[in-house]
Every structure is written in C-alpha cells, then in structure tokens.
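Note that full-length UniProt numbering has the sequence shown beginning at 1, numbered continuously upward. To start, the structure itself, in structure tokens.
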Amino acid sequence: MTTTPKILCVGSVLWDIIGRSSSHLRVGSDVPGRITRIPGGVAMNIAMTLRRFGLTPALLTAIGQDDEGRELLTACMRMGMITDHVYASIDLPTDRYMAVEGANGLIAAIADAHSLEAAGDKILTPLSDGSLGSVENPYAGIIALDGNLTQALLSDIAKSPLFKSADLRIAPASPGKAERLLPVLGHQGATLYVNLEEASLLCHKEFKNSEEAANGLISNGAHRVLVTDGGNMATEGCADGLYSATPPPVLVTRVTGAGDTFMAAHIAAETRNESRAQALNSALKAAADYVSGDTNL
C-alpha cells in the first residue's frame with residue numbers, strides 16, 4: 001500500500017453507537033428500534049466515502065491501544081485506508097460517539113472525543129518529521145480536517161508553515177463546535193463545509209438561506225465555502241461568485257454522517273475535474289442517497 005497519499009483525513013476516528021427508530025421520538029420515549037456499532041467520526045466518515053469513490057486516504061488521528069482500538073484499526077485497514085501514520089496511544093482509550101435518531105431526525109448525541117483532544121499535535125507529527133511533509137517541504141495535497149480538534153490546535157494549524165501548501169477542506173464536527181473553526185476561517189487554502197446553523201454561529205448572525213450564509217462567510221474572510229441546508233438549496237461560494245443547487249427529494253432514514261458524505265463526495269468530484277456546478281450536484285446526490293439509505297458507508 002502506498003505511504004504517500006494524495007488525501008489525508010485528520011480528526012476523529014471512533015466507534016459510532018447509533019440507536020434508530022421509525023417512530024417520532026420525544027424526551028422520555030421508550031420505543032423499539034435498532035442499535036448499531038460501526039466505525040465513525042468525521043474524519044472516518046469522510047475517509048469511508050472517499051474509498052467508495054475509489055480514492056485512498058490516510059488517517060491522522062489518535063486510537064487507543066485497547067481492544068476497541070485494535071478492532072477499529074483492523075476495520076480501517078480492511079476498508080483499504082492507510083493507517084501507517086495513526087497515533088496509537090498507550091494510555092488513552094478509543095473515542096466513541098452515541099446518538100439517537102427517530103423519524104423526526106436526530107434527537108440527541110454525545111461525542112466522546114477526549115482522547116483525540118488529549119493527543120493534540122501528536123497526530124500531526126507525520127506532517128513535520130518527513131513521513132508526509134516537513135517545514136522545508138510541506139504536504140501539498142488535500143487535507144480533510146474536522147472540528148473535533150481543539151481550538152488551540154486549529155489556531156496553530158492556521159499559522160503553521162506545515163499547512164501553507166495544502167488544499168484544506170474543513171468541516172465542523174457539530175454546531176456546538178462550529179466556532180472552533182474561526183482561526184482557520186481565513187486560511188488562503190481553505191474550503192469550509194458547513195450547514196446553515198453552523199454558518200450562523202460562525203458569523204454571529206442568523207441567515208435565511210444558504211446563499212445569504214455563503215455571502216456572510218465570505219464577507220467575514222472565508223476563502224471558499226459550501227453551505228448546506230438539509231433538503232433546501234445548497235450554495236458553493238468564493239470571491240468569484242456563488243453557485244446554488246437543490247438536492248434531490250428523498251425519504252430521510254438516517255442523518256448521522258450526511259454532512260461528512262457530502263464533503264467527501266464533493267472532494268471526490270473535484271478530483272475528477274468536475275466543474276463547480278457539477279461537483280456541487282454530485283455531492284448533493286451522494287448525500288441524498290446516503291440519508292435515504294440507498295448507500296452504505
């Protein structure tokens with residue numbers, strides 16, 4: 001397997017524990033459904049979708065040297081990802097994410113990414129020690145970066161010479177962590193993938209639609225953005241203008257991982273040299289297929 005990948009996925013790789021029910025849920029609901037445990041995390045979801053499109057990403061993350069970690073690492077390798085550069089921690093447990101979804105969408109979720117946060121810049125060592133890059137010869141490929149990293153580490157990344165040549169693709173892990181991305185908002189090589197709520201949090205202003213949000217982010221210094229809004233119009237924007245499109249209508253059966261799927265599908269489309277319009281529509285189609293259950297990560 002190659003050790004010089006063109007795409008890195010940096011951030012959370014963990015176990016997703018998801019409870020899904022076809023019923024509408026409210027606080028205190030006790031209903032039948034299905035509970036699954038699958039590899040997840042923002043970086044992992046992006047990597048899995050990239051593999052589905054025939055690309056081979058490398059993971060930069062922290063995974064514990066516990067039973068769950070060994071099982072997770074084996075699953076990553078089985079799926080064809082490059083795991084040579086994963087930081088394997090002796091004293092940190094493997095992270096987990098737990099969510100409950102009903103017919104009325106995501107009810108609640110808890111992300112336990114404390115080990116990734118505690119590992120800090122150790123996960124980035126391959127970008128400085130010559131394995132994937134160095135200060136003199138920084139990595140020049142695509143880096144998919146997720147907001148589960150601490151704000152301090154994201155601030156360091158924003159000004160680090162190790163990232164000056166990279167094509168940064170950045171996504172918040174959740175609306176609750178969106179503001180962590182403020183330090184990297186204006187990075188000259190960054191493309192930011194957010195939903196409408198996350199865009200509003202970053203700009204401290206409520207937007208009515210994705211076009212307003214894209215303009216707001218660009219006005220606040222963003223180099224390039226993609227803003228989604230569920231089944232409503234999505235917008236890709238930069239200083240050269242905006243392009244908007246509406247996702248195909250589908251019956252929603254799951255939501256966890258949809259934004260990560262959209263981001264990975266857009267990256268894959270651009271590696272195929274699709275135009276701005278084509279890439280946005282390809283990503284919307286992939287995300288719609290995912291939430292409808294027509295594809296599996």
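Ideal Cβ placement from N, Cα and C applies to all residues, glycine included.
Measure the alpha-carbon distance for residue i versus residue j and round it to whole angstroms.
i, j, result
"Ala109", "Lys164", "34 Å"
"Cys238", "Ala265", "19 Å"
"Arg78", "Gly141", "24 Å"
"Ala62", "Leu162", "19 Å"
"Leu181", "Tyr97", "20 Å"
"Thr235", "Ala111", "28 Å"
"Leu60", "Leu73", "12 Å"
"Thr2", "Leu280", "Confidence is the limiting factor: at Thr2 the pLDDT is only 46, short of 50, which leaves the residue's position unreliable, though a coordinate-based value still follows. Going by the C-alpha atoms only, they are around 29 Å apart."
Taking only three categories from DSSP, how would you classify residue i?
i, result
"Ile90", "coil"
"Leu73", "helix"
"Leu8", "strand"
"Pro126", "helix"
"Asp289", "helix"
"Ser210", "helix"
"Arg169", "strand"
"Ser244", "strand"
"Glu270", "helix"
"Val184", "helix"
"Glu136", "coil"
"Gly120", "helix"
"Asp260", "helix"
What is the C-beta distance between residue i and residue j, in whole angstroms, given that I count them as a contact (C-beta under 8 Å)?
i, j, result
"Glu179", "Leu201", "6 Å"
"Val184", "Ser210", "Not really, about 21 Å apart at Cβ, beyond 8 Å."
"Asn148", "Gly11", "5 Å"
"Ala190", "Leu217", "Rounded, the Cβ-Cβ distance is 11 Å, inconsistent with contact."
"Ser21", "Gly102", "5 Å"
"Leu92", "Ala113", "Not confirmed; about 11 Å, so no contact."
Next item on the list: Tell me, please, whether the region 126 to 134 touches the region 96 to 108 by the rule of three or more beta-carbon pairs shorter than 8 Å.
Entry: no
Next item on the list: Ignoring anything shorter than 3 residues or poking outside the region 8 to 76, list the beta strand (DSSP E) runs there in chain order.
Entry: With a minimum length of 3 residues, the continuous beta strand (DSSP E) runs that stay inside the region 8 to 76 are 14 to 20, 34 to 40, 57 to 60, 62 to 64.
Notebook entry, point to check: Counting pairs of Cβ atoms below 8 Å between the region 212 to 223 and the region 245 to 258, do you hit three or more?
Noted result: At 8 Å Cβ cutoff, the stretches do not touch.
Note to self: Within 8 Å, do at least three Cβ pairs link the region 45 to 56 to the region 65 to 73?
What the structure shows: Counting C-beta pairs closer than 8 Å gives fewer than three between the region 65 to 73 and the region 45 to 56, which falls short of the contact rule.
Notebook entry, point to check: How about the region 3 to 23 and the region 226 to 240: do they share at least three Cβ pairs that are nearer than 8 Å?
Noted result: no
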